[in-house]
Amino acid sequence: DAGVTQSPTHLIKTRGQQVTLRCSPKSGHDTVSWYQQALGQGPQFIFQYYEEEERQRGNFPDRFSGHQFPNYSSELNVNALLLGDSALYLCASSVLGIEYGYTFGSGTRLTVV
Amino acid sequence: GDSVTQMEGPVTLSEEAFLTINCTYTATGYPSLFWYVQYPGEGLQLLLKATKADDKGSNKGFEATYRKETTSFHLEKGSVQVSDSAVYFCALSDIGGATNKLIFGTGTLLAVQP
């Protein structure tokens, strides 16, 4: 049974560009959360999607947006990239309401130059 | 807001040594507490959890007890192995929000030498 799949694994972008990261949740999971992990830091919550709606958002600017599709997969979009957006972006899937059932993907390493 | 504080690393131990990684938390309610492990180049894996005060989570020889009186959830292992080398994150679930999102500490790098 495949876990959480994220693509691409690595990405290099230039300041000001836009990027889209993708996540396929674990089979049976209906909720997708995104986290940003800067180098040497713990993951920070960006937002969570359920039934194609954003349920909660962390302290991130509107440049960060997302989407969930009917098959539960999700995209994270970041516009007007800044050097500070360089980080590991983690996707976590779960079943709504089961807080200890998060399954994390291996992440997308984004480097902004 | 809720927060998690972990001891800073790196922690360097010899194989078979005793491990303690300290974790304290601040929360307005009674969150669930977790330890996650991140091996090089990988995502996070749930190591253990505790959902209420005095609960002890355990897995793969690691243990942690939910101490409400000291707001702590220290990770311990009696005898570490080289394969335990990784970054360990303490986390709590934010029960005050809509999603029970996870709030993580900054992580502690453990390096075990043979």
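These protein sequence lines map, in sequence, to chains A and B.
Per this note's numbering, the very first residue in the first sequence carries number 1; after that it's consecutive.
Per this note's numbering, the very first residue in the second sequence carries number 1; after that it's consecutive.
By construction, the Cβ of each residue, glycine as well, lies at the ideal position given by its N, Cα and C atoms.
- At a cut-off of 8 Å between C-beta atoms, K101 of chain B counts as an interface residue with respect to chain A.
- The criterion of a C-beta distance shorter than 8 Å is satisfied by Y49 of chain A and G66 of chain A.
- The segment 85 to 96 of chain B and the segment 32 to 48 of chain B touch, with three or more beta-carbon pairs separated by less than 8 Å.
- Of the other Cβ atoms in all chains shown, 16 or more fall within 10 Å of the Cβ of Q68 of chain A; this residue is therefore buried.
- If you check the CB distance, L109 of chain B and G29 of chain B do not come in under 8 Å.
- Around the beta carbon of G58 of chain A, a 10 Å sphere encloses 16 or more other beta carbons of the protein chains shown; the residue is thus reported as buried.
- Per the DSSP secondary-structure output, A87 of chain A pairs in a beta bridge with A:L110.
- Residue contact with chain A for S32 of chain B: present (Cβ-Cβ distance below 8 Å to some residue of chain A).
- When the beta-carbon positions are compared, Y100 of chain A and K68 of chain B stay at least 8 Å from each other.
- Between the alpha carbons of T71 of chain B and V82 of chain B lies a distance of about 30 Å.
- Between the segment 29 to 46 of chain A and the segment 9 to 29 of chain B, the count of C-beta pairs closer than 8 Å stays below three; the two stretches do not touch.
- Close to G105 of chain B, with beta-carbon spacing below 7 Å, are these residues of chain A in chain order: G42.
- The secondary-structure analysis by DSSP pairs L48 of chain B across a beta bridge with B:W35.
- The beta-carbon separation of C23 of chain A and Q6 of chain A, rounded to 5 Å, stays under the 8 Å limit for a contact.
- For Y72 of chain A, none of the residues of chain B pass the 8 Å Cβ criterion, the least Cβ distance being about 16 Å.
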